[in-house]
Ligand code: SF4
Ligand code: SF4
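Protein chains in written order, with this note's numbering: chain A, 1 to 227; chain B, 1001 to 1434.
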């Protein structure tokens, strides 16, 4: 079995299994922990619980203006790499072809130029994030190995992906064989590494974010406070 | 060592437990706290550091150790080792270090001296993590380990004995009689039956006794049957601040049981933030069921009396600014009530730069006001608050929490600042119309 067949076959199956089962285990392990009902009477006029939770999730999308520049800078940088990564992952034509092969779903691709810009912006913003993680004393106090591993594991698929982009996606897709099997296999393997790491590190915030903010929304909307 | 003043030891120890026993006690307590919301909040931190920008202790010192989420480090580590979904793996591979006695000792300063449990950091956190609540839960473990500041431990012992940090219950009738005489008002005590049970904050039983008379003046005016009572009189729940859950439950039950015994339907809480946190939102947890009485803060009570026309107040007609007590506003939901009372008093309100739910803490909440080790830190926060207050140009400065008031008074004394911190209750009582 050559490397590409391995990456497209067993490695993909195993990494997807770890991703799905690991994430479910992680979520269940947290969400099934004991729950303490709030028996205090709600503030008069408090919204329905679900609405309070939803509002808190919504508020988390952008910092309050009172918190000024610091919050804004890091939020914007966060959005750049989240959106950049999402665009590249879901919008690049060869990725869509790959997803179609695996799960049978597809959608229109974005132009290559948009992809190159999105990938470039993601890389710059990830480098900025790393710079501030290494230099900012606050981040120095609170960072741990998970942050560094996750950072590396997120940037690797972008870098290895750039390495296989030698021609327009239309040309890549028009061929029925892969002309750079090893770089492509490595690219795929880095994605699989990300899937395997996902349930164990901070990438889980992609799922936990909603519950974490929602729980705070429940607690405080009950008291008549919008968080 | 992480003490802000190297001359002062960064931690105190109570009782004679061995170090191993302390660590075990703390860990057992930490683990018992890991319910679903706590787990979610410990899991979802992305270490972005934004919470530092919201915390008055970081903002005024620039010291990274005051980053809110860092204050939780031993608690966080306990979670990942003992309760997270991959805990066995974490332990087997030694991925997270078990908190040891040195960690707990060193974190005492961060958990007690430099967190007022004000909750401002929650508002900036993209994950909405309720750090104040997590710090409170971490304090439960620190208390069990006998690792809290001595000053707070002393107050705890007093409250365990007296049911109050200020005075034993037997002395209440004398204190009320004296306050009544001084201010010319009748303050009922220990009635067998009443519709309303009125409670006090510790400071009102010693230095701020006028507040007792002020409440009495208003309650007597509306003609209800009310009383204060030796059975449950001090609502500033020191157990809530210290992490002493047994005491918190005992003090809470004293209020509710006394109210039930005398047939009261309402318990009025004093102008005290932590009393509100402990009784309004947590009493039912200790009671084990929905409470048979309504618990209401003095500010809410004044607001309702004015809105319903049961009392009227004279208009003062000056400019004023208002400090929002964290437990009453950001964590309690009474932002609008205080402002309605101020408006009724005819104040032209000039808001602080940071006000309402995003207002900065006074720097003394969560027991920090009583913790002499934190004096330097408190003064730094005071400087910032003083600047914000002065920047409004308002003539009067008002708040609705006695603890905040004491914190401001202490800060003002240190800074030789002559602006008095006024109580909303006192302003209403002094300006009752007709
Ligand atoms: S702001 Fe929230 S997510 Fe960011 S470091 Fe602080 S607690 Fe963690
Ligand atoms: S609760 Fe308040 S004092 Fe404590 S860490 Fe958060 S902002 Fe700072």
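The beta-carbon is built from N, C-alpha and C at its ideal position, and this holds for glycine as well. Quick caveat, the model's predicted, so the values are computed rather than measured.
Beta-carbon proximity of residue i to residue j, cut-off 8 Å
i: residue 1054 of chain B; j: residue 1110 of chain B; result: no
i: residue 1166 of chain B; j: residue 1234 of chain B; result: yes
i: residue 1264 of chain B; j: residue 1196 of chain B; result: yes
i: residue 185 of chain A; j: residue 17 of chain A; result: no
i: residue 56 of chain A; j: residue 213 of chain A; result: yes
i: residue 1338 of chain B; j: residue 1313 of chain B; result: no
i: residue 1075 of chain B; j: residue 1137 of chain B; result: yes
i: residue 1437 of chain B; j: residue 1125 of chain B; result: In the structure as shown, chain B begins at 1001 and stops at 1434. Residue 1437 of chain B is therefore absent and cannot be evaluated.
i: residue 1372 of chain B; j: residue 1091 of chain B; result: no
i: residue 1262 of chain B; j: residue 1216 of chain B; result: no
i: residue 1031 of chain B; j: residue 1078 of chain B; result: yes
i: residue 257 of chain A; j: residue 1128 of chain B; result: A query on residue 257 of chain A cannot be resolved here, the shown segment of chain A reaching from 1 to 227 and no further.
i: residue 94 of chain A; j: residue 169 of chain A; result: yes
i: residue 1330 of chain B; j: residue 1120 of chain B; result: yes
i: residue 1025 of chain B; j: residue 1153 of chain B; result: no
i: residue 1243 of chain B; j: residue 1142 of chain B; result: yes
i: residue 40 of chain A; j: residue 1294 of chain B; result: no
i: residue 1013 of chain B; j: residue 1219 of chain B; result: no
i: residue 150 of chain A; j: residue 202 of chain A; result: yes
i: residue 45 of chain A; j: residue 1084 of chain B; result: no
Span separating the alpha-carbon of residue i from that of residue j
i: residue 1332 of chain B; j: residue 173 of chain A; result: 59 Å
i: residue 115 of chain A; j: residue 4 of chain A; result: 24 Å
i: residue 1139 of chain B; j: residue 1117 of chain B; result: 11 Å
i: residue 1164 of chain B; j: residue 1093 of chain B; result: 48 Å
i: residue 1248 of chain B; j: residue 1201 of chain B; result: 15 Å
i: residue 1188 of chain B; j: residue 1301 of chain B; result: 19 Å
i: residue 139 of chain A; j: residue 131 of chain A; result: 10 Å
i: residue 1354 of chain B; j: residue 79 of chain A; result: 27 Å
i: residue 1228 of chain B; j: residue 1311 of chain B; result: 21 Å
i: residue 1423 of chain B; j: residue 119 of chain A; result: 57 Å
i: residue 208 of chain A; j: residue 128 of chain A; result: 24 Å
i: residue 1115 of chain B; j: residue 1043 of chain B; result: 21 Å
i: residue 1288 of chain B; j: residue 133 of chain A; result: 45 Å
i: residue 193 of chain A; j: residue 1370 of chain B; result: 52 Å
i: residue 1241 of chain B; j: residue 164 of chain A; result: 59 Å
i: residue 1047 of chain B; j: residue 141 of chain A; result: 10 Å
i: residue 1434 of chain B; j: residue 1419 of chain B; result: 29 Å
i: residue 22 of chain A; j: residue 74 of chain A; result: 29 Å
i: residue 11 of chain A; j: residue 187 of chain A; result: 12 Å
i: residue 1004 of chain B; j: residue 1388 of chain B; result: Only weak support exists for where residue 1004 of chain B lies, its pLDDT of 46 falling under 50; the value from the coordinates is given anyway. Looking at the two C-alpha atoms, the distance is approximately 24 Å.
i: residue 176 of chain A; j: residue 158 of chain A; result: 24 Å
Beta-carbon proximity list for residue i, same chain, < 6 Å, skipping 5 on both sides
i: residue 81 of chain A; result: 122, 125, 126
i: residue 195 of chain A; result: 15, 19
i: residue 1350 of chain B; result: 1319, 1321, 1392, 1394
i: residue 1214 of chain B; result: 1425, 1426, 1429
i: residue 216 of chain A; result: 56, 227
i: residue 105 of chain A; result: none
i: residue 71 of chain A; result: 63
Residues near residue i in its chain [Cβ-Cβ closer than 8 Å; skip 5 each side]
i: residue 1404 of chain B; result: 1273, 1323, 1325, 1362, 1364, 1365, 1421
i: residue 25 of chain A; result: 199
i: residue 1415 of chain B; result: 1379, 1382, 1383, 1386
i: residue 1058 of chain B; result: 1052, 1064, 1066, 1067, 1068
i: residue 49 of chain A; result: 218, 221, 222
i: residue 1087 of chain B; result: 1080, 1081
Residue i beta carbon near ligand 4 (any heavy atom closer than 7 Å)
i: residue 1116 of chain B; result: Annotation note on ligand 4: not contained in the displayed structure, which lists ligand 1 and ligand 2 as its ligands.
Spatial neighbours of residue i in its chain, beta-carbon cut-off 7 Å, leaving aside the 5 residues before and after
i: residue 1001 of chain B; result: Low confidence applies here, because residue 1001 of chain B scores a pLDDT of 38, under 50, leaving its location unreliable; read the following figure in that light. Taken in chain order, the residues that qualify are 1010.
i: residue 1212 of chain B; result: 1176, 1179, 1187, 1200, 1204
i: residue 1341 of chain B; result: 1299, 1302, 1303, 1306, 1424, 1428
i: residue 1168 of chain B; result: 1162
i: residue 1101 of chain B; result: 1019, 1022, 1023
i: residue 1254 of chain B; result: 1163, 1231, 1232
i: residue 1276 of chain B; result: 1269, 1297, 1327, 1328, 1332
Below-8 Å beta-carbon distance, residue i vs any chain E residue
i: residue 142 of chain A; result: Note that chain E does not occur in the displayed structure, where the protein chains are A and B.
For the segment 48–71 of chain A, enumerate the residues whose C-beta is nearer than 7 Å to any C-beta of chain B, in chain order.
Contacts with chain B (Cβ-Cβ distance below 7 Å) from the segment 48–71 of chain A involve 56, 60, 63, 64, 66, 67, 70, 71, listed in chain order.
Short-range partners of chain A found in the segment 1347–1358 of chain B, where Cβ spacing is below 7 Å
Along the segment 1347–1358 of chain B, going in chain order, the ones with a CB nearer than 7 Å to a CB of chain A are 1354, 1357, 1358.
Give, in chain order, every residue of the segment 12–39 of chain A whose Cβ lies closer than 7 Å to some Cβ of chain B.
Correct list: 25, 26, 29, 30, 31, 33, 34, 35, 36, 39.
Taking Cβ-Cβ distances below 8 Å as the criterion, which residues of the segment 1057–1084 of chain B are in contact with chain A?
The segment 1057–1084 of chain B vs chain A, Cβ under 8 Å: 1058, 1064, 1065, 1067, 1069, 1070, 1083, 1084.
Going along the segment 1299–1310 of chain B in order, which residues come within less than 9 Å of chain A, judged by CB to CB distance?
Listed by position, the residues of the segment 1299–1310 of chain B near chain A (Cβ gap below 9 Å) amount to none.
Using a Cβ-Cβ cut-off of less than 8 Å, list which residues of the segment 70–102 of chain A approach chain B; keep chain order.
Within the segment 70–102 of chain A, the residues whose Cβ lies closer than 8 Å to any Cβ of chain B are, in chain order, 70, 71, 74, 75, 78.
Just by C-beta distance, which residues in the segment 1027–1043 of chain B are closer than 7 Å to chain A?
The segment 1027–1043 of chain B vs chain A, Cβ under 7 Å: 1034, 1035, 1036, 1037, 1039, 1040, 1041, 1043.
Of all the residues that make up the segment 1121–1141 of chain B, which are near chain A by a beta-carbon distance shorter than 7 Å?
Listed in chain order, the positions of the segment 1121–1141 of chain B with a beta carbon within less than 7 Å of a beta carbon of chain A are 1122, 1123, 1124, 1126, 1127, 1128, 1129, 1130.
So if I threshold CB-CB distances at 9 Å, which residues from the segment 194–205 of chain A count as touching chain B?
Residues passing the 9 Å Cβ filter: 199, 200, 202, 204, 205.
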